[in-house]
Structures are given as structure tokens and as C-alpha cells.
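Numbering (the UniProt record's numbering), first residue to last: 1 to 221.
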């Protein structure tokens, strides 16, 4: 698993903080919309569709003041060199989705030889962190398009687990950050999900779903 960050891209502005009030930022992800509007409720968010090259072209044409994408895809395709302003967002500023930047291998069930090969390539830290993320999403019952961010990363002998969920307009959110020793982290995703469910996460997501797929996302002004 390589860099899990999202990245700010612009031809005019150096960073998210540098954007003027009311700037147009391109993203279709409800997770990104939620986190952007928590920090900058003045921004105007506009859907960003198409493949990576199409999205970068739209940015270059001036349809957006900035766009937010996953860093690793652009890095692997060597597409960052022609963009004047590239600013990786910290994991605390923009929590990634489950599994971002991880590579997985899908095999036929019951083929033990393929399983042995896949297991020989497995990275223990990546497996642990992505399993924590998968457990959380499964427990919370969130789909791939829900406004939910969760990321586990190993830092030394500890696992840092960051979670945020809420309304796509950032008006209502829940956030958790847990730091636990690696050796006691196996059930961390389920544990944090249970805490958030007890605090009303399922009800909040049910409310968020009512506005999640409108043509124009509500924004806090």
C-alpha cells in the first residue's frame, strides 16, 4: 500500500487555504464534499466526472479553480508533472476511503495453489489496516458512495484509525480518532463502529441518504 492521501490540484492556487471565497472545486465524492465543506463552507462544489485525463483537462480549461483526486493514481500514471500546484492533503485534513492505495488479488475460491501464491505476496501491515477499515464499513453498513471516510495506518508500534461520517454538506458530522498498540488492534474497526452506532451514526447516515443523491448538493453558506 502506497500513499493513501487525496491531493489538491490547481493551475491558479497553491493550496486549499489559498482558494478565494466562493472558489469552484471539482469532486463527485460525497466523502470529499463533506470534509471540504467542514473546513471551507464558502466553497462552491461542482461535480467532476470522466476518466482521469478528462478530469485534468477540465481543470486545465478553467472549468474549476481546483479539483481533489486520489494522489496514488496520478502518481502511478505519472500525471502530476504538468500541474502547476500539487498539494497532498494530510490524513487529518482529508480522511481517505476504505482501501485507498491498497492493491488486492482476486482468486478463484478453492484454488489452494493460487491462495499460497497470493499469501506469499501479502503485506501484513496493509492487510491489518485494510481489514480494520473493511470491518468498520461492514459494521456501519455503509456503501461505497456513502459520505463515510475511514483510514487505518501503522505508525511505529501503533495503529492510528481515523473516521468521519455525516451529511454531504458538512452540516452534521461524527468523527473519531483512535490510537492503539498494533497487538490489540485486530478488532479496532468493529469497536469504533460500535461506539459510533451507540452515538447515533446509523440515524445520521439515514438522514444523510435523503440528500446524498440530489442533482445539486446542499451547501452550508
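Cβ coordinates follow ideal geometry from the N, Cα and C atoms, glycine included.
Distance, Cα to Cα, residue i vs residue j?
{"i": "residue 162", "j": "residue 99", "result": "13 Å"}
{"i": "residue 17", "j": "residue 102", "result": "29 Å"}
{"i": "residue 198", "j": "residue 204", "result": "11 Å"}
{"i": "residue 47", "j": "residue 110", "result": "42 Å"}
{"i": "residue 4", "j": "residue 24", "result": "24 Å"}
{"i": "residue 141", "j": "residue 6", "result": "24 Å"}
{"i": "residue 130", "j": "residue 210", "result": "29 Å"}
{"i": "residue 97", "j": "residue 138", "result": "13 Å"}
{"i": "residue 9", "j": "residue 15", "result": "8 Å"}
{"i": "residue 169", "j": "residue 54", "result": "26 Å"}
{"i": "residue 95", "j": "residue 40", "result": "15 Å"}
{"i": "residue 43", "j": "residue 35", "result": "12 Å"}
{"i": "residue 89", "j": "residue 184", "result": "29 Å"}
Three-state secondary structure (DSSP) at residue i?
{"i": "residue 196", "result": "helix"}
{"i": "residue 125", "result": "helix"}
Considering only their Cβ atoms, is the gap separating residue j from residue i smaller than 8 Å?
{"i": "residue 65", "j": "residue 128", "result": "no"}
{"i": "residue 166", "j": "residue 173", "result": "yes"}
{"i": "residue 176", "j": "residue 151", "result": "no"}
{"i": "residue 45", "j": "residue 33", "result": "yes"}
{"i": "residue 73", "j": "residue 52", "result": "yes"}
{"i": "residue 1", "j": "residue 123", "result": "yes"}
task: Starting from the N-terminal side, write out each stretch of the beta strand (DSSP E) that is 3 residues or longer and does not extend beyond the UniProt domain "Porphobilinogen deaminase N-terminal" (1 to 115).
output: If we require 3 residues or more, the beta strand (DSSP E) runs fully inside the UniProt domain "Porphobilinogen deaminase N-terminal" (1 to 115) come out as 6 to 10, 24 to 26, 44 to 46, 66 to 70, 85 to 88.
task: List in chain order: all unbroken beta strand (DSSP E) runs of 3+ residues lying wholly within the UniProt domain "Porphobilinogen deaminase C-terminal" (128 to 197).
output: If you keep only unbroken beta strand (DSSP E) runs of at least 3 residues inside the UniProt domain "Porphobilinogen deaminase C-terminal" (128 to 197), you get 148 to 155, 158 to 166, 173 to 181.
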